[in-house]
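Following: one structure in structure tokens, then a few remarks.
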Amino acid sequence: THIRSDLEAGVARVTFPLGRFDGVAVRELFEFSNTLPSAHPKLLVDTTGVTLVPSGGMGMLLTIRKRFLANGGQLHVAIPNANIMETFRIASMHRMLELFESVEDARAGFKP
Numbered sequence: 017t018h019i020r021s022d023l024e025a026g027v028a029r030v031t032f033p034l035g036r037f038d039g040v041a042v043r044e045l046f047e048f049s050n051t052l053p054s055a056h057p058k059l060l061v062d063t064t065g066v067t068l069v070p071s072g073g074m075g076m077l078l079t080i081r082k083r084f085l086a087n088g089g090q091l092h093v094a095i096p097n098a099n100i101m102e103t104f105r106i107a108s109m110h111r112m113l114e115l116f117e118s119v120e121d122a123r124a125g126f127k128p
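In the working numbering, the protein residues as written are 17 to 128.
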């Protein structure tokens, strides 16, 4: 498996233990997001240790966000790597996704 998940205080968190957000991880992330409650899901995608996020990964985050917004949910993305954060900004993803520079900030940003 390319992702790992845990649940803390009602927030599901996904990490990438292999450091890759590749096609397999994108599919696993989508499948995992479908297992969350349909009403008010909260998902934190933690990219700590990831060195590259392909466009397919960014697109999947947008797909998940759209579905979550329709159900009163929240999606936060923690991007501690400055180069990856810059890639998201160049792609204007900061306008469509809730991006945070640390896992702590992302977790604290969830609304009750």
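Beta carbons: idealized from backbone N, C-alpha and C, even for Gly.
Ordered along the chain, which non-local residues of its own chain (more than five positions away) have a Cβ less than 8 Å from that of residue i?
i    : result
T79  : F46
D121 : A94
Compare the beta carbon distance of residue i and residue j with 8 Å and say whether it is the shorter of the two.
i    : j   : result
T16  : T17 : Since the first and last residues shown for the chain are 17 and 128, residue 16 lies out of range.
R29  : D22 : yes
V119 : A98 : no
L77  : V61 : yes
Residue i: which of the options sits nearest, CA to CA?
i    : options               : result
R81  : R105, S54, I100       : S54
L91  : F104, L115, N99, E102 : L115
N87  : L52, F48, I19         : L52
G89  : R111, S49, E117       : S49
G26  : L59, R43, V42         : L59
G72  : V42, A122, P96        : V42
R111 : M74, V40, E44         : M74
R83  : P96, E117, L113       : L113
E117 : E44, R20, P96         : P96
Exposed or buried, which one is residue i when buried takes at least 16 other CB atoms within 10 Å?
i    : result
K127 : exposed
I106 : exposed
L85  : exposed
P57  : buried
A124 : exposed
Counting only the same chain and skipping the five closest in sequence on each side, list residues whose C-beta sits under 7 Å from that of residue i.
i   : result
L34 : H18
V69 : F37, T63, I100, T103
Please list, in chain order, all residues of the same chain as residue i whose beta carbon is under 6 Å from its beta carbon, the five residues on each side excluded.
i   : result
V40 : H18
R20 : T31, P33
Counting only runs of 3+ residues fully inside the region 39 to 108, write out the beta strand (DSSP E) ranges in chain order.
Qualifying beta strand (DSSP E) stretches, in chain order: 58 to 62, 90 to 94.
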